[in-house]
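Okay, so here's the structure we're looking at.
There are 2 protein chains.
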Amino acid sequence: MLKYQTIANEIENYIETHQLQHGEKLPVLDQLMTQFNTSKTTIIKALDSLEKQGIVFQVRGSGIFVRRKKRADYISLLSNQGFKQELEQFNITSDIIEFNIQKPTHKIAQNLHISLDQDIYYVKRVRHMDGKPFCIESSYYNKAYVTYLNNEIIQNSIFSYIQEGLGLKIGFSDFYMQMDKLTAFEATHLHLQENDPKLIVEQLFYLTNGVPFNYSEIHYHYQYAKFYVFSTNH
Amino acid sequence: MLKYQTIANEIENYIETHQLQHGEKLPVLDQLMTQFNTSKTTIIKALDSLEKQGIVFQVRGSGIFVRRKKRADYISLLSNQGFKQELEQFNITSDIIEFNIQKPTHKIAQNLHISLDQDIYYVKRVRHMDGKPFCIESSYYNKAYVTYLNNEIIQNSIFSYIQEGLGLKIGFSDFYMQMDKLTAFEATHLHLQENDPKLIVEQLFYLTNGVPFNYSEIHYHYQYAKFYVFSTNH
DNA sequence: CAGTGGTCTAGACCACTAT
DNA sequence: TAGTGGTCTAGACCACTGG
Chain A
-19 MLKYQTIANE
-9 IENYIETHQL
1 QHGEKLPVLD
11 QLMTQFNTSK
21 TTIIKALDSL
31 EKQGIVFQVR
41 GSGIFVRRKK
51 RADYISLLSN
61 QGFKQELEQF
71 NITSDIIEFN
81 IQKPTHKIAQ
91 NLHISLDQDI
101 YYVKRVRHMD
111 GKPFCIESSY
121 YNKAYVTYLN
131 NEIIQNSIFS
141 YIQEGLGLKI
151 GFSDFYMQMD
161 KLTAFEATHL
171 HLQENDPKLI
181 VEQLFYLTNG
191 VPFNYSEIHY
201 HYQYAKFYVF
211 STNH
Chain B
-19 MLKYQTIANE
-9 IENYIETHQL
1 QHGEKLPVLD
11 QLMTQFNTSK
21 TTIIKALDSL
31 EKQGIVFQVR
41 GSGIFVRRKK
51 RADYISLLSN
61 QGFKQELEQF
71 NITSDIIEFN
81 IQKPTHKIAQ
91 NLHISLDQDI
101 YYVKRVRHMD
111 GKPFCIESSY
121 YNKAYVTYLN
131 NEIIQNSIFS
141 YIQEGLGLKI
151 GFSDFYMQMD
161 KLTAFEATHL
171 HLQENDPKLI
181 VEQLFYLTNG
191 VPFNYSEIHY
201 HYQYAKFYVF
211 STNH
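Chains A and B supply the protein sequences, listed in that same order.
For the first sequence, the numbering used here assigns the number -19 to the initial residue and increments by one for each residue that follows.
For the second sequence, the numbering used here assigns the number -19 to the initial residue and increments by one for each residue that follows.
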């Protein structure tokens, strides 16, 4: 593990275990430098990382402060899959609706940047959070990279398996969001009425080398899906 | 303007004017260092900034590549207000529904971290994009910081005025998202039916020193509001 | 103006990719 | 194993905040 990541983690743990409140001041740079026995650049890099995650904010000429204003019942839009799995605090279960190997449609081929005769894994699941139907997910994996999946894996976290089991490294992702009304089919799975609202999130995940390996279309329950995103102005 | 920002801008312009495609390789670090007559750290910092904006991605051991997979009809969720105004490509107009100075409700006071007897500007607008009703925005500004607003300002970009006119510096922001059904009142303003879907986005904007100065609640038209977000795994 | 965070440099060394 | 990106250092200097 890299030094700046270790430091970032330690600072995050410190904030957590000491239950620091929003706006509380952290030690100054000089002190952090000696405490972690490292250079200024490395501390700043650790703090930048924490700032990006919405954990601290830095004010030039003043200090470094704790930022923790999350609402407990909202989940991070971006940590949704793949990245840091904060979802562990919830009990996630999945009902498999469909699972097979097939050829991509035109749209999927385009998103995954493959030709129409290449194989993809297709997984369609209803995902529950603490027993409530949370979303319907249709997910397509480029089989050239995600070489193997089985029922047990897709019952749990596919992304954990991809990273730990297959050793693939996830680099970045695109999210596209829009709304629509539920179809009758979706409504029964989500325990809602036809034409009730839904949020559609299309996700495209890339490996570190820029190859898109997964495309997903997720339809969220309009009462249970609540997201937050943090943003920083630089 | 800082050196790394200047370099980031120049690289971005280069990609734009040369219409580089997704996946095309940029010059290697050594070349960029000599070209911009600067150190490695500064180039990396410029590239990190571009990476965060979803403009390039870096692959260790391989190179720096262009990332441009945006869908034209989606707008950035985060650049929505305040930050880089990509919205200039659209023709945005506003109908003012309400505009006054008032005392905050409990909820607003809590979000803006003020007491119930402090003054706030209240602005309620229907915003149109290229003539289509796009959202209904209820916005609350802490008058201790946003000291002045008038009809002309709120007809246009309030955030431009806050930054350029009042000289306030925006630091970061929180977004909270959920869905619901339109009320009859909202439906008429958005030219939709009662109970049609809507996306509710609550935004909280902070100055660089961590003071929250604006809280907004925005209700989006379910057919016209389409957003994208980019994410990077570090 | 003292204190504090941010930028920038030159260079050593490390880690990954592609061949 | 050559090429390329990433981390880390020590230190100079800059920019902002707040009393």
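Cβ coordinates follow ideal geometry from the N, Cα and C atoms, glycine included.
Taking three-plus beta-carbon pairs below 8 Å as touching, is the region 110 to 126 of chain A in contact with the region 135 to 151 of chain A?
yes
Do the region 159 to 169 of chain B and the region 182 to 193 of chain B meet, that is, are 3 or more Cβ pairs less than 8 Å apart?
The region 159 to 169 of chain B vs the region 182 to 193 of chain B: no contact.
When you compare each of A:133, A:195, A:203 and A:173 to residue 164 (chain A) by their alpha carbons, which one comes out closest?
On the first sequence, position 184 is the one that residue 164 (chain A) refers to. Closest option to residue 164 (chain A), Cα to Cα, is A:173.
Name the one or two DSSP bridge partners that residue 157 (chain A) has.
Stepping through the first sequence from its first residue, residue 157 (chain A) is reached at position 177. According to DSSP, residue 157 (chain A) bridges with A:181 and B:207.
Are residue 197 (chain A) and residue 95 (chain A) closer than 8 Å when you measure CB to CB?
Here residue 197 (chain A) corresponds to residue number 217 of the first sequence, with the count starting at 1. Here residue 95 (chain A) corresponds to residue number 115 of the first sequence, with the count starting at 1. No, Cβ-Cβ distance for residue 197 (chain A) and residue 95 (chain A) is not below 8 Å.
How many Å lie between residue -16 (chain A) and residue 23 (chain A) at the Cα?
Taking the first residue of the first sequence as 1, we reach residue -16 (chain A) at position 4. Taking the first residue of the first sequence as 1, we reach residue 23 (chain A) at position 43. Approximately 7 Å between the Cα atoms of the pair.
Is the beta carbon of residue 110 (chain B) less than 8 Å from the beta carbon of residue 71 (chain B)?
Counting from one through the second sequence, the residue named residue 110 (chain B) turns up at place 130. Counting from one through the second sequence, the residue named residue 71 (chain B) turns up at place 91. Going by C-beta atoms, residue 110 (chain B) is nearer than 8 Å to residue 71 (chain B).
Endpoints, alpha helix (DSSP H) assigned at residue 193 (chain A)
For this step, residue 193 (chain A) is matched to residue 213 along the first sequence. Run containing residue 193 (chain A): none in the alpha helix (DSSP H); it sits in the beta strand (DSSP E), 192 to 201.
When the cut-off is 8 Å and only beta carbons count, does residue 189 (chain A) lie next to chain B?
Counted from its first residue, the first sequence places residue 189 (chain A) at position 209. Yes, residue 189 (chain A) counts as interfacial toward chain B.
DSSP state of residue 63 (chain B), grouped into three classes?
In the second sequence, counting from the first residue as 1, residue 63 (chain B) sits at position 83. With a pLDDT of 44 at residue 63 (chain B), under the threshold of 50, the predicted position of this residue should be treated as unreliable, though the coordinate-derived value follows. In the structure shown, residue 63 (chain B) sits in coil (DSSP, three-state: anything other than H, G, I, E or B).
By the DSSP assignment, the beta strand (DSSP E) with residue 149 (chain B) in it spans what residues?
Counting from one through the second sequence, the residue named residue 149 (chain B) turns up at place 169. No beta strand (DSSP E) holds residue 149 (chain B); DSSP gives it neither H nor E.
Under DSSP, the alpha helix (DSSP H) around residue 94 (chain A) begins and ends at which residues?
As a working note, residue 94 (chain A) is residue 114 in the first sequence. Looking at the DSSP string, residue 94 (chain A) is not in any alpha helix (DSSP H), and its letter there is neither H nor E.
Residue range of the alpha helix (DSSP H) that residue 70 (chain A) falls in?
In the first sequence, counting from the first residue as 1, residue 70 (chain A) sits at position 90. Neither: residue 70 (chain A) is in no alpha helix (DSSP H) and is coded neither H nor E.
Look at the alpha carbon of residue 158 (chain A) and the alpha carbon of residue 55 (chain B), and state the distance between them as a whole number of angstroms.
Within the first sequence, numbered from 1, the residue matching residue 158 (chain A) stands at position 178. Within the second sequence, numbered from 1, the residue matching residue 55 (chain B) stands at position 75. Taking the straight line joining both Cα atoms gives about 11 Å.
Backbone secondary structure at residue 52 (chain A) - three-state DSSP:
The count along the first sequence starts at 1 and reaches residue 52 (chain A) at position 72. Note: residue 52 (chain A) maps to coil in three-state DSSP.
Give the interface partners of residue 154 (chain A) over in chain B, defined as CB-CB distance under 7 Å, in chain order.
Stepping through the first sequence from its first residue, residue 154 (chain A) is reached at position 174. Within chain B, the residues near residue 154 (chain A) are 49, 208 and 210.
Which listed residue (A:208, A:104 and A:38) has its alpha carbon closest to that of residue 74 (chain A)
Position 94 of the first sequence, counted from the first residue, corresponds to residue 74 (chain A). Of the listed residues, the one whose Cα sits closest to residue 74 (chain A) is A:104.
8 Å Cβ cutoff met for residue 39 (chain B) and residue -5 (chain B):
Counted from its first residue, the second sequence places residue 39 (chain B) at position 59. Counted from its first residue, the second sequence places residue -5 (chain B) at position 15. Against a cut-off of 8 Å, the Cβ pair of residue -5 (chain B) and residue 39 (chain B) comes out as no contact.
Measuring straight from C-alpha to C-alpha, what distance separates residue 206 (chain B) and residue -10 (chain B)?
Here residue 206 (chain B) refers to the residue found at position 226 when the second sequence is read from its first residue. Here residue -10 (chain B) refers to the residue found at position 10 when the second sequence is read from its first residue. Straight-line Cα distance between these residues: approximately 29 Å.
Under 7 Å Cβ-Cβ, which residues of chain B neighbour residue 54 (chain A)?
Residue numbering aside, residue 54 (chain A) sits at position 74 when the first sequence is read from its first letter. The contacting residues are 156.
Smallest Cα separation from residue 209 (chain A): which of B:-18, B:182 and B:203?
Reading the first sequence from its first residue, position 229 is the one you call residue 209 (chain A). Minimum Cα distance to residue 209 (chain A) is reached at B:182.
Mind listing which residues of the region -17 to 2 of chain A have their C-beta closer than 9 Å to chain B's C-betas, in chain order?
Cβ contacts with chain B: -15 and 2.
Report the residue from B:131, B:134 and B:191 whose alpha carbon sits nearest the alpha carbon of residue 93 (chain B).
As a position in the second sequence, residue 93 (chain B) is number 113, starting the count at 1. The shortest C-alpha separation from residue 93 (chain B) is found at B:191.
Pick out the complete beta strand (DSSP E) segments inside the region 85 to 133 of chain A, 3 residues or longer, and give them in chain order.
100 to 109 and 112 to 122
So, does the CB of residue 145 (chain A) fall closer than 8 Å to a CB anywhere in chain B?
Counted from its first residue, the first sequence places residue 145 (chain A) at position 165. No, residue 145 (chain A) does not count as interfacial toward chain B.
Beta-ladder partner(s) of residue 187 (chain A), from DSSP:
Residue 187 (chain A) sits at position 207 when you count from the first residue of the first sequence. A:150, per the DSSP bridge assignment.
Between which two residues does the beta strand (DSSP E) carrying residue 45 (chain A) extend?
For this step, residue 45 (chain A) is matched to residue 65 along the first sequence. Unbroken beta strand (DSSP E) run through residue 45 (chain A): 43 to 46.
One question on the structure: do residue 35 (chain A) and residue -8 (chain A) come within less than 8 Å of each other, judged by their Cβ atoms?
Here residue 35 (chain A) corresponds to residue number 55 of the first sequence, with the count starting at 1. Here residue -8 (chain A) corresponds to residue number 12 of the first sequence, with the count starting at 1. Yes, Cβ-Cβ distance for residue 35 (chain A) and residue -8 (chain A) is below 8 Å.
Flag residue 126 (chain B) as yes if its beta-carbon sits less than 8 Å from any beta-carbon of chain A, otherwise no.
Working through the second sequence from its first residue, we reach residue 126 (chain B) at position 146. No, its Cβ sits nowhere closer than 8 Å to a Cβ of chain A.
Tell me, to the nearest whole angstrom, how far the beta carbon of residue 152 (chain B) is from that of residue 212 (chain A); I am working on the premise that it is less than 8 Å.
Along the second sequence, one-based indexing puts residue 152 (chain B) at 172. Along the first sequence, one-based indexing puts residue 212 (chain A) at 232. That pair is a contact at about 5 Å.
Residue 214 (chain A) to residue 154 (chain B), Cα distance in whole Å?
Walking along the first sequence from the start, residue 214 (chain A) turns up at place 234. Walking along the second sequence from the start, residue 154 (chain B) turns up at place 174. Between residue 214 (chain A) and residue 154 (chain B), the C-alpha separation is close to 15 Å.
Listed by chain order, chain A residues near residue 39 (chain B) by CB distance under 7 Å
Within the second sequence, numbered from 1, the residue matching residue 39 (chain B) stands at position 59. For residue 39 (chain B), the chain A residues whose Cβ falls inside 7 Å of its Cβ are 188, 189 and 190, in order along the chain.
Can you tell me the Cα-Cα spacing of residue -13 (chain B) and residue 10 (chain A), whole angstroms?
Here residue -13 (chain B) corresponds to residue number 7 of the second sequence, with the count starting at 1. Here residue 10 (chain A) corresponds to residue number 30 of the first sequence, with the count starting at 1. So the alpha carbons of these two residues sit roughly 29 Å apart.
Positions along the region 76 to 88 of chain B whose CB lies within less than 9 Å of some CB in chain A
none
Does the beta carbon of residue 20 (chain B) sit closer than 8 Å to a beta carbon anywhere in chain A?
Taking the first residue of the second sequence as 1, we reach residue 20 (chain B) at position 40. It does not; no Cβ of chain A falls within 8 Å.
Name the chain B residues whose beta carbon is nearer than 8 Å to that of residue 7 (chain A)?
Here residue 7 (chain A) refers to the residue found at position 27 of the first sequence. Correct list: empty, because the minimum Cβ distance to chain B is about 17 Å.
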